[in-house]
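Have a look at the structure below before the remarks.
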Amino acid sequence: MDNIVSIEGLKVYFAVQKNFLSRLLPGGPKYVRAVDGVSLDIRRGEIYGLVGESGSGKTTLGRAILRLVKPSEGKIVFEGSDISHLKEREVRPLRRRMQIVFQDPHAALNPAMTVGAAIAHPLMIHNQATKEQDAKPNVLRMMDEVGLNPAEDFYHKLPSELSGGQLQRVVIARAMILNPSFIVADEPVSMLDMSVRARILELLLDLKRRHNLTYLFITHDLATAKFLCNRIGIMYLGKIMEEGQASEVYADPKHPYTKALLGAIPIPDPERRTAKSLPRGEIPDAINPPANCCFHPRCPAAIEGCGWEPRDVLNYLEERRTRLVTGGLDKDVRVLGELKRARIDGQTVRFRASGDGPAELLEYLRGIVAEAHGPLFDAVEGISLEDDGVSLRLKPWTDIKEVISDRRRVLCILFQST
Amino acid sequence: MENLLETRSLSIHYRMRRGTVRAVENVNFALARGEAVGLVGESGCGKSTLAKGILEVLPRYAEVKGEILFEGRDLASLPPTELRKVRGERIGLIFQDPMTRLDPLMTIEDHFTELIRQHREVEKDEAKAMALKALAAVGIPPSRFRNYPHEFSGGMRQRIMIAMALVLEPKLIIADEPTTSLDVIVEGQILRVLEELRQRYGLALLLVTHNLGIVAETCDRVAVMYAGRIVEEGPVRDIFREPLHPYTQGLLHSVIHLDTKELSSIPGYPPGLVRPPSGCAFHPRCPEAFEPCPKAVPALVPKVGRRVACYLHHDDVEGGATVG
Chain A
369 MDNIVSIEGL KVYFAVQKNF LSRLLPGGPK YVRAVDGVSL DIRRGEIYGL VGESGSGKTT
429 LGRAILRLVK PSEGKIVFEG SDISHLKERE VRPLRRRMQI VFQDPHAALN PAMTVGAAIA
489 HPLMIHNQAT KEQDAKPNVL RMMDEVGLNP AEDFYHKLPS ELSGGQLQRV VIARAMILNP
549 SFIVADEPVS MLDMSVRARI LELLLDLKRR HNLTYLFITH DLATAKFLCN RIGIMYLGKI
609 MEEGQASEVY ADPKHPYTKA LLGAIPIPDP ERRTAKSLPR GEIPDAINPP ANCCFHPRCP
669 AAIEGCGWEP RDVLNYLEER RTRLVTGGLD KDVRVLGELK RARIDGQTVR FRASGDGPAE
729 LLEYLRGIVA EAHGPLFDAV EGISLEDDGV SLRLKPWTDI KEVISDRRRV LCILFQST
Chain B
9 MENLLETRSL SIHYRMRRGT VRAVENVNFA LARGEAVGLV GESGCGKSTL AKGILEVLPR
69 YAEVKGEILF EGRDLASLPP TELRKVRGER IGLIFQDPMT RLDPLMTIED HFTELIRQHR
129 EVEKDEAKAM ALKALAAVGI PPSRFRNYPH EFSGGMRQRI MIAMALVLEP KLIIADEPTT
189 SLDVIVEGQI LRVLEELRQR YGLALLLVTH NLGIVAETCD RVAVMYAGRI VEEGPVRDIF
249 REPLHPYTQG LLHSVIHLDT KELSSIPGYP PGLVRPPSGC AFHPRCPEAF EPCPKAVPAL
309 VPKVGRRVAC YLHHDDVEGG ATVG
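Chains A and B, in that order, give the protein sequences. Position in the first sequence (from 1) plus 368 gives the number in my numbering. Position in the second sequence (from 1) plus 8 gives the number in my numbering.
In C-alpha cells, the structure reads:
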C-alpha cells in the first residue's frame, strides 16, 4: 500500500518552564508529553481522522507531520523521504506538497492583507510569482474553485468584510494554491455555524476528488469524522488508543475510551433521551500522565491490572471527602490528616498517624477499603502497621502493549492475552 | 400558570459607529416555574444579548425597550440595590468562560464568602458551610476550597460557576453556552450535574446555545432565534419531530450527528444586524420564500401548540393554538 505519510514511534515533548527555585531542586527537567510514541500510516488518497479531546495531542501530532514543531524522537516519512531531522531551510520546499487549514480562520489571516494578497502569498514565498499581479489569474481561478465568487469582487476585500465560512474558504484557497498532495485540516469547521459547516466539508471533499488529495482530518467531533473519514485513530494523552476502518470502529468500538466518546455525543432527538454512562473526571496533565494505561483512572471498564498507583488512592480519598461534607469530614481529616502529606514510595503509600495513633488509622483505612468497590480496591495488596503510621501497598500492573483485534489496533489490556 | 419570567415587546439595540445593531427585536417570550427552555440560534442571532438583557448586564450603549418581568415585577423599574438582589439571589448565571467571572487573585473561598455575604447576613463559618455544601454537590472536594481559579481544569471551573450560581438557591438559572468550550465527555458531566440540581431544587433554566443536541437532551421547550427575532417556539418534542419554520428545518437538517447519511446546509450566510434583509430576515436564504416574505415582518402566531413566524403558516391562525 502506498503511504504518503508514515510515522514511527513519534514523540513530541515540550520542556516546562520552571522557576529559579525548582531548577535548584532535584527531579530534573519536566516535559509535557504532547505526543508520546505514535506510529501510524496515512495512505495516499484517504481521509485519516485523528479524533481526540483537547489536550490529547492531536494538533501537535498534525503539526509535527508538517514539521511545524520539532519531533523529540521517532521518524516521520513523507512521500518516501525521512523528514524527521531536516533543517527548517530544507523543510520549506516540502511545504509546497504539504499544507494546513487551521481551525480559526479569523486568526489564520492577516487582517491588513486583502483576500487576493493572502492567497497569492504562498506563491511569492515559493518563488512561483514575483509580483502579486503575476499570480492574479492563478489566484482568481483558485478563488472561483473554492466558491469565492464572483472572485473579482472578493479579491480586494479584507478579512473583516467576510463571514466565518467565507474566511475559511480563503484559508483553504491559500492552502491549495501551491497544489499540495497532503493537507492537515485541523478542526476546519469547529468554529463555523452549523448551517454553513456542511458546505465547507463538501468543498473539502470536492477538492480532494479533483486534486487527488490526502487529508489528515483532526477533530474532536466523532460525528463529523464518521461521515468524512476512511480510517480513524482515537487519541488520548499523546497515544493512539484505537485505530481502524471508520465504519468498523463506529459499528463496534473496542476501546472503552472510544465507547465513552461515542456514548457522550448529544443526540438531537428528544425521543431518544437516555442516561449516559460517562467516564469520571477530565483528561489529566500530560506532564505526569497516569501509569501504564493512561486512561485507567477514568475508565468505566478498568480492571485490577490496568495501572493503579498510589496517587489513585489519594485521589479517591480526596474525592471521598466531597461526600463527607455533610457529615464525617472532621473525623476523616483528623485521622488521615492532610492527604498531600502522605508519602509515596513505588507502589506503597504511607500515612503518618495523627489523631489517636496508628491503630486507629489502620482500622479507619481498612474500613474505607472494605466498603469501597472497584478495580482500584481489587488492586490493594495489603494494609499494614508501621512505626509511626500505616502503609497501603498496591499490586503491580500488567504492562500495556498494543494489540491487533479484528483488524483494529487497540491499546488496552482487556484485549491482551496474558 | 404564573410565568416566572416574561419579556414584553423587548428590543435591544446597540448604537455603533457603523449603525444601529438590532440585536433583539420585539421579543415576547415567557418561562414558567421549573421549566427548562432552550434559546437557540447561530452566532449573531441575538440570543446572548437577550440573555444579558434579562440579567440587565448589557453594556451602557445598549438601548432597551419593552418590559422584562421576573416574578411579576418589571426589572427595569427596580432600584439598583433591588436589582442586584434579584440578580445572583433569585437568578443565577452561568457563562461560557468561567474565567471571565472568576477573579484570578481570589481563592474559591473568597468568591463564595463575598457572594454569600453580599446577599445574606451570615457569619463566615456559616457562609463556609453553605459554600462547601454547594461545591460538594457539584463534585469539588473541600480540600480545594482555598485554591485559586487557575488551579482548576475547565470542567472544574464550570462546576464552581454552577455551585456559585446555586448557592443562594435561585429560582432561575440562565446558562449562556455553558459547555461550548468543553469536551463532549465533560459537557455530559456538566449537563448531568445541572439537571440533577435543577430537579432537586425545582429550578427553571434558560439555556442559551447553538447546540441543538444538548437542547434535545435537556430542555422542555425551545425558542429558535434568527436575526434578533424568535421565529419558532414550542415544545422540544414537537419542534424536533416536525419543525414548521423553514429556518428551523434547515438548522435541524444541518446538524451532523452519528446517523447523518448526507450533508445538508442552508444557502448563504447569517445576515448582519445593522441592515437585516427586509420583511422576514430569512427570506434571502429561504427555499420556500414567496411574494409576501420580503414585504413585511411576519408575526409570531400560534399554530398547533407552538408559535411560528412564517407566512407559510399564517393561513389558519386559530388552528389549535394554545401557546399565548
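Just so you know, even glycine gets a beta-carbon here, dropped at the ideal spot from N, CA and C.
- In this structure, DSSP gives ARG648 (chain A) a state outside helix and strand, which the three-state scheme calls coil.
- Residue contact with chain A for GLY163 (chain B): present (Cβ-Cβ distance below 8 Å to some residue of chain A).
- Separation of ILE545 (chain A) and VAL507 (chain A) (C-alpha to C-alpha, rounded to the nearest whole angstrom) is 7 Å.
- In this structure, the alpha-carbon of VAL373 (chain A) lies about 28 Å from that of PRO657 (chain A).
- Collapsing the DSSP output to three states places GLU79 (chain B) in coil.
- For the pair GLY52 (chain B) and VAL32 (chain B), the CB atoms are not nearer than the 8 Å cut-off.
- SER56 (chain B) is classed as buried because its beta carbon has at least 16 other beta carbons within 10 Å across all chains shown.
- Taken through DSSP and simplified to helix, strand or coil, SER449 (chain A) comes out as strand.
- Per the Cβ contact rule, the region 399-409 of chain A is not in contact with the region 509-527 of chain A (fewer than 3 Cβ pairs under 8 Å).
- Counting C-beta pairs closer than 8 Å gives three or more between the region 597-608 of chain A and the region 414-433 of chain A, which meets the contact rule.
- Contact annotation for GLU686 (chain A) against chain B: PRO149, SER151 [CB-CB distance below 7 Å, chain order].
- Chain A has a Cβ within less than 8 Å of the Cβ of ILE193 (chain B).
- With the rule of 3 Cβ pairs closer than 8 Å, the region 122-131 of chain B does not count as touching the region 612-621 of chain A.
- A residue is called buried once 16 or more other Cβ atoms fall within 10 Å of its Cβ, and GLY484 (chain A) is buried on that count.
- With the rule of 3 Cβ pairs closer than 8 Å, the region 731-751 of chain A does not count as touching the region 562-573 of chain A.
- Within the DSSP secondary-structure output, GLN715 (chain A) pairs in no beta bridge.
- Counting only Cβ-Cβ distances below 7 Å, HIS741 (chain A) has no contacts in chain B at all, with the closest Cβ about 19 Å away.
- At a cut-off of 8 Å, the C-beta of ASP502 (chain A) has no neighbouring C-beta in chain B.
- Only residues of its own chain outside the window of five on either side were considered, and among them ILE602, MET609, GLU610, VAL617 have a CB closer than 8 Å to the CB of THR626 (chain A), listed in chain order.
- Contact note: HIS218 (chain B) reaches chain A through ASP561, MET562, using a C-beta cutoff of 8 Å and chain order.
- The continuous stretches of beta strand (DSSP E) do not include GLY221 (chain B), which lies in the alpha helix (DSSP H) extending over residues 220-226.
- Listed in chain order, the positions of the region 421-435 of chain A with a beta carbon within less than 8 Å of a beta carbon of chain B are GLU421, SER422.
- Bounds of the alpha helix (DSSP H) holding ARG542 (chain A) are 532-544.
- Under the Cβ criterion (8 Å, minimum of three pairs), the region 293-306 of chain B counts as touching the region 269-285 of chain B.
- By the 16-neighbour rule on beta-carbons within 10 angstroms, TYR381 (chain A) is buried.
- Listed along chain A, the residues sitting closer than 9 Å to LYS141 (chain B) by beta-carbon distance are VAL693, THR694.
- Nearest C-alpha to ASP370 (chain A) among A:PHE446, A:VAL406, A:PHE719, A:SER440: A:PHE446.
- The residues GLY287, in chain order, have a CB closer than 8 Å to that of ALA304 (chain B) in the same chain once the five nearest residues on each side in sequence are set aside.
- For GLY675 (chain A), the three-state secondary structure derived from DSSP is coil.
- ARG315 (chain B) sits away from ILE247 (chain B), with the two beta carbons spaced by 8 Å or more.
- Membership of PHE595 (chain A) in the alpha helix (DSSP H) is indicated by the continuous run 590-596.
- The residue from B:LEU47, B:THR28, B:ILE20, B:ARG16 with its alpha-carbon nearest to that of ILE182 (chain B) is B:LEU47.
- When secondary structure is reduced to three states using DSSP, ASP133 (chain B) falls in the helix class.
- ILE222 (chain B) is a Cβ neighbour of THR187 (chain B), given a cutoff of 8 Å.
- DSSP, reduced to helix, strand and coil, places ASN506 (chain A) within a helical segment of the structure shown.
- Here ILE655 (chain A) is exposed, its C-beta having fewer than 16 other C-beta atoms within 10 Å.
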